[in-house]
Structures are given as structure tokens and as C-alpha cells.
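Below: one structure, written as C-alpha cells.
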Amino acid sequence: MIVVSGSVSQSSDSAASARTLVRTRLRVTERLGEMLLAAAAGLSVVVTVGIVVALVVPLFTFFSHVSPVEFLTGTSWTAAFGDKFSWDKDWGVLPLVSATFLATGIALLVAVPIGLGIAVFLSEYASPGVRKIVKPVLELLAGIPTVVYGFLALTAITPILQPLLGIPNIFSILSAGLVMGFMIIPTVASLSEDAMGAVPDALRQGSYALGANKRITTLRVVVPAALSGIVAAIVLALSRAVGETMILAVAGGNVARMIVDPREQAQTMTAFIAQIAGGDAPQGSPVYYSLFAVGALLFALTLAINLISIRLVRRFRQVY
Numbered sequence: 002m003i004v005v006s007g008s009v010s011q012s013s014d015s016a017a018s019a020r021t022l023v024r025t026r027l028r029v030t031e032r033l034g035e036m037l038l039a040a041a042a043g044l045s046v047v048v049t050v051g052i053v054v055a056l057v058v059p060l061f062t063f064f065s066h067v068s069p070v071e072f073l074t075g076t077s078w079t080a081a082f083g084d085k086f087s088w089d090k091d092w093g094v095l096p097l098v099s100a101t102f103l104a105t106g107i108a109l110l111v112a113v114p115i116g117l118g119i120a121v122f123l124s125e126y127a128s129p130g131v132r133k134i135v136k137p138v139l140e141l142l143a144g145i146p147t148v149v150y151g152f153l154a155l156t157a158i159t160p161i162l163q164p165l166l167g168i169p170n171i172f173s174i175l176s177a178g179l180v181m182g183f184m185i186i187p188t189v190a191s192l193s194e195d196a197m198g199a200v201p202d203a204l205r206q207g208s209y210a211l212g213a214n215k216r217i218t219t220l221r222v223v224v225p226a227a228l229s230g231i232v233a234a235i236v237l238a239l240s241r242a243v244g245e246t247m248i249l250a251v252a253g254g255n256v257a258r259m260i261v262d263p264r265e266q267a268q269t270m271t272a273f274i275a276q277i278a279g280g281d282a283p284q285g286s287p288v289y290y291s292l293f294a295v296g297a298l299l300f301a302l303t304l305a306i307n308l309i310s311i312r313l314v315r316r317f318r319q320v321y
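Its first residue numbered 2, the sequence shown is counted upward by one per residue in the working numbering.
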């Protein structure tokens, strides 16, 4: 009995030692993974802080010559005209802001209904074979360079729309906004489809058990249940449209003015940054510092959109 007990004791000690060794290895691996994840998160914070510092420091020079009230409420922007080293210009940024949101609104009018329609089809109606073909092709559209979309708007869409809508110029916010809407369709469709696919099948089966058909189940059960993801997709598309540069720089025009008719040309914030940053602003000139002012305003608008999206997602989120 003593020998057996000793054998059992030795095997127990060996098993305990093996478990301790395995746990130690797992702890080291987990600790290393945590450190890598923390480093990635910290890097994003450092980059964001660096962007803020790079934008804020030149703002003191700009706003030492230009009133913030004039900058935010003025309706005339002549920064790119005349002497580049003269502060005697109109610095009202509203023409750039209005053109930005006009183009963004047109893009969302195109992207949201079409993108949601594609998402509903892929999630609720398409067969697995069709979904495997359509979704990769859809996501491939997101990889097309935006400058290609810009030349498409300039050389194909605008010539088609000119005789139909009476567009007076080769540049127009309307054509740029329409093409930008098609550019962000993959963002709305793909993320919305993922949100609808995450809705539990039990909700669908319960709706069918109550006598609802496919259409009613989709519109009254699946879409409301996936609303937080759909809202996040739309806001992400909105953020991308607000920050889009090349389409608007190529096809939207470079005349900073307040417009209501989208058939006219205008200049957005990103288009102004692209135009001036291309070499038209000597370092230390007023136009050079205006780039940072417009960039900071664009950064603030994007931040506000993201904060609003977080509130909306939390408001409509459903946990299953």
C-alpha cells in the first residue's frame, strides 16, 4: 500500500508540475498579446495627438490675424486669390463648408437607399451562391482609387447630365456628389449586411410563426433589430464622404462660393486643401496657415460626426 501510495503521489506531483508549466507558458503568451494590443491602442492615441498638435500650433498664427467669428461665419473666401503674403483677404469658410455638405448630402441620397437595398437583398433574399459572388464584387468597388471616380464624374457623368439638366460647366457639385455616392455604397451595403446577418434566426422564426411573410419580417423585425449597425454604417459613409478629396477636387470645381443649385461648381474644404497643398501656398504665407485652419475645422466636424454616431449606436443597440 505504501508503494502504491508513493506512485500515486509522484504521478500527482508530475501532473501538477505539468499544469503549472502549461499555465506559465499561457500566461507569458497572453501577457505578450496584451502588450501588443496595448501598444497598438497607444500608437493610435499618439498619432491622433500628433495630428491635433500639428493642426493646433499653426492656428495661433492664423487666428492672430483673422477673427474666429469672421472665419466661422463669413460668406466670402478669397484665400487663393491675389498676393499670397497678404492678410487683406476674405476668410469666411462657410462657402467651403456649404459645398462640402451639399456634395455629402447628394452622396448620401444615392448611397443610403441603394446600399440598404443591396444589404437587404444579400442578407434576406440572396442564395449563398449569389451572396458569395455579389459581396466580393461589391467590396471590390471600395478598392477603386478615388481619382478614378473623379475622372469618371468629369469625363462621363457630367457630359451625360449637361444636356439633361442644363449643367452650365464641366465642373459641378451634382456630378461629383453622385459619383461619390456610388463610391460609398459598398460601405453602407457591406456593414449593413453584416449587421442584418448578426440578427438571431430565432427572431425571424418567431415572426414567421406569427404569420408574417418575408417582407414584413425583413422590414419590421430584421431591420429594426440591426438598426444600430445600420446607423453606424451610414455615419461611417458620411464621415468618408465629408473627408473625400479627389472626386471633389477633380470634378467639383475650384471656385469657393455659396451655392444652392448643385449644378453649379463650387469648392469644398478637402478640394481647397488639395489645391493649395499642391504647391500654391508658400510656407509662412497666410494661405499656408489657412490650410491648417480648414484642416482643423474638418477634423472637428469629423470628430463631431463620430461622437454623434457613438450616441446613436448606443441608443439603438440591442443585445441578444
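The beta carbon of each residue, even a glycine, is placed where N, CA and C say it ideally should be.
Here the structure is a predicted model, which is why all the values come from computation and not from measurement.
Am I right that residue i and residue j are in contact with their C-beta atoms under 8 Å? What's the rounded C-beta distance?
i: GLY253; j: ALA267; result: 7 Å
i: LEU123; j: VAL135; result: 6 Å
i: MET197; j: ALA157; result: At roughly 33 Å, the Cβ-Cβ gap does not stay under 8 Å, so MET197 and ALA157 are not in contact.
i: ALA80; j: TRP88; result: So it is not a contact: roughly 10 Å between Cβ atoms.
i: LEU60; j: PHE293; result: 6 Å
i: VAL251; j: GLY151; result: 3 Å
i: PRO96; j: ARG258; result: 5 Å
Confirm, please, whether the CB-CB distance from residue j to residue i is below 8 Å.
i: VAL121; j: ALA154; result: no
i: ALA282; j: TYR289; result: yes
i: PHE276; j: ASN307; result: Residue identity differs from the one stated: residue 276 is Gln in this sequence, not Phe. For GLN276 and ASN307, no; Cβs fall outside 8 Å.
i: ILE168; j: LEU139; result: no
i: VAL94; j: PHE64; result: no
i: ILE260; j: ALA104; result: no
i: SER208; j: THR218; result: yes
i: ARG264; j: LEU165; result: no
i: THR159; j: MET184; result: no
i: PRO201; j: HIS66; result: no
i: GLU125; j: VAL46; result: no
Return the chain-ordered list of same chain residues with a C-beta closer than 6 Å to the C-beta of residue i, the five sequence neighbours on each side being excluded.
i: ILE115; result: ILE186
i: LEU299; result: MET270
i: LEU22; result: Only weak support exists for where LEU22 lies, its pLDDT of 46 falling under 50; the coordinates are left without a value.
i: LEU313; result: VAL232
i: ILE311; result: none
i: ILE309; result: none
i: SER77; result: ASP91 and GLY93
i: THR49; result: none
Quick one: residues in its chain with C-beta nearer than 8 Å to the C-beta of residue i, no 5 flanking neighbours on either side, listed in chain order?
i: VAL113; result: VAL189, ILE235 and ALA238
i: THR303; result: SER240, VAL243 and GLY244
i: ALA301; result: none
i: THR246; result: THR147, THR271, ALA272, ILE274 and ALA275
i: ARG32; result: none
i: GLY75; result: ASP91, TRP92, GLY93, VAL94 and LEU95
Within a Cβ cutoff of 7 Å, which residues of the same chain sit near residue i, ignoring the five residues on either side of it in sequence?
i: ALA278; result: LEU292
i: LEU56; result: PHE293, GLY296, ALA297 and PHE300
i: VAL131; result: none
i: GLY34; result: none
**Report entry** Residue ranges of each alpha helix (DSSP H) within the stretch 87 to 136, 4 or longer
**Finding:** 95 to 121
Query raised in the report: Is the stretch 228 to 241 in contact with the stretch 176 to 193, if contact means three or more CB pairs nearer than 8 Å?
Result: yes
Query raised in the report: Is the number of C-beta pairs between the stretch 172 to 179 and the stretch 96 to 112 that are closer than 8 Å three or more?
Result: yes
Requested in this report: Enumerate, from N- to C-terminal direction, the unbroken alpha helix (DSSP H) stretches of 4 or more residues contained entirely within the stretch 37 to 82.
Outcome: 69 to 74
Requested in this report: Taking only runs that begin and end inside the stretch 215 to 263, name each unbroken alpha helix (DSSP H) of 4 or more residues, in chain order.
Outcome: 215 to 218, 228 to 243 and 247 to 252
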